[in-house]
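Novice: Just passing along the structure, written as structure tokens.
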Amino acid sequence: MTARILIVEDEAIVAAELRYMLEDLGYEVAGVAADTTDALGYVRTADVDLALVDVHLSDGPTGPALGSKLAECGVTVVYLTANPGMVKGGNPAAIGVLGKPTDEAVVSSTVAYALARRGGVATMPSPPGLKLLN
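Using this note's numbering, you'd call the opening residue of the sequence shown number 4 and step up by one each time.
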């Protein structure tokens, strides 16, 4: 089964780039959300395995709080942000923080690592650039 990934990013160009990147890697993009309400809407209507969440969304710096809500819905979270210092640990479903900008190789290894951790089989080392939270 292909993993379903939610992109939570308010910058349309960045979101589109991530979408194309993930689809090229063989993942299914469950949706693209620019704010908390839209992100939670996707999670309520579709199975989502992993969310890539920016810190600053169209409704403000709500990414960290959204990550906690997504975790309550069973979604694994990786923060993808230009402001990695704004994200702290304490969310058991949040794997870590990846700084922007980044490239396809880093996104690929981070997503593979996060999905392996979600499945309880992360035998590979954490990807370069990913600051682990848990």
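Glycine included, C-beta positions come from ideal geometry on N, C-alpha and C.
Can you tell me which of the three DSSP states residue 77 falls into?
Specialist: Residue numbering aside, residue 77 sits at position 74 when the sequence shown is read from its first letter. It is coil, neither helix nor strand.
Novice: How far does the alpha helix (DSSP H) with residue 15 in it extend, from its first residue to its last?
Specialist: Looking up residue 15 in the sequence shown gives position 12. Taken as a continuous stretch (DSSP letters only), the alpha helix (DSSP H) holding residue 15 covers 15-27.
Novice: Kindly indicate which three-state DSSP category residue 72 falls into: helix, strand or coil?
Specialist: On the sequence shown, position 69 is the one that residue 72 refers to. Helix at residue 72.
Novice: Which class does residue 107 belong to by DSSP, given the choice of helix, strand or coil?
Specialist: By one-based count along the sequence shown, residue 107 stands at place 104. Three-state DSSP puts residue 107 in a helix.
Novice: By how many angstroms is the C-alpha of residue 19 removed from the C-alpha of residue 28?
Specialist: What you label residue 28 is simply residue 25 of the sequence shown in a count that begins at 1. What you label residue 19 is simply residue 16 of the sequence shown in a count that begins at 1. Straight-line Cα distance between these residues: approximately 14 Å.
Novice: Taking the alpha-carbon of residue 121 as reference, which of 80, 36, 84 has the nearest alpha-carbon?
Specialist: Working through the sequence shown from its first residue, we reach residue 121 at position 118. Measuring from the Cα of residue 121, the nearest candidate turns out to be 80.
Novice: Please report the distance separating the alpha-carbon of residue 21 from that of residue 119.
Specialist: Taking the sequence shown and counting its residues from 1, one reaches residue 21 at position 18. Taking the sequence shown and counting its residues from 1, one reaches residue 119 at position 116. Approximately 20 Å between the Cα atoms of the pair.
Novice: Taking the C-alpha atoms as reference points, what is the distance between residue 133 and residue 108?
Specialist: Position 130 of the sequence shown, counting from 1, holds the residue named residue 133. Position 105 of the sequence shown, counting from 1, holds the residue named residue 108. When rounded, the distance between both Cα atoms is 12 Å.
Novice: Using DSSP bridges, identify the partner residues of residue 82.
Specialist: As a working mapping, residue 82 is identified with position 79 in the sequence shown. DSSP, once it has assigned bridges, lists 56, 100 as partnering residue 82.
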